[in-house]
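A.B. asks: One point on numbering: in the working numbering, the residue at position 40 of the sequence shown is 312, and numbering is uninterrupted.
Just so it is clear, CB atoms sit at the ideal spot from N, CA and C, and this is done for glycine as well.
Take a look at this one; I'll ask things after.
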Amino acid sequence: MSSVSIFPMNLFQVLFGLSMNGWILIIIMLSLSGAAFFIYYGAKKSGQFEDVEGIKYRMLFEEEEEWELND
């Protein structure tokens with residue numbers, strides 16, 4: 273009795289030289305890489321990386337606030 277599967281493993285191995293696990297890993301890798309690229313692109317577009325050096329100098333140029341005590 274022969275069994276018929278939906279994804280014949282031998283067909284993938286013969287045509288592309290990879291098993292189904294290899295294809296799943298490639299799909300996951302491409303999905304995560306694409307997601308990382310779109311996250312980076314969104315952050316770059318919104319200006320997250322524009323003034324990376326200025327933040328450390330911001331406290332030096334702030335004016336000193338005077339506190340008033342209301343008794």
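Under the assumption that Phe321 contacts Ala315 (Cβ atoms under 8 Å), give the Cβ distance between them as a whole number of angstroms.
C.D. replies: 7 Å
A.B. asks: Run through DSSP, which three-state label would Phe321 get?
C.D. replies: coil
A.B. asks: Under three-state DSSP, which class holds Gly326?
C.D. replies: DSSP places Gly326 in the helix class (H, G or I) of the three-state scheme.
A.B. asks: Distance, Cα to Cα, Tyr402 vs Leu332?
C.D. replies: Because the chain here runs from 273 to 343, residue 402 falls outside it and cannot be looked at.
A.B. asks: Quick check on Leu290: does DSSP put it in helix, strand or coil?
C.D. replies: coil
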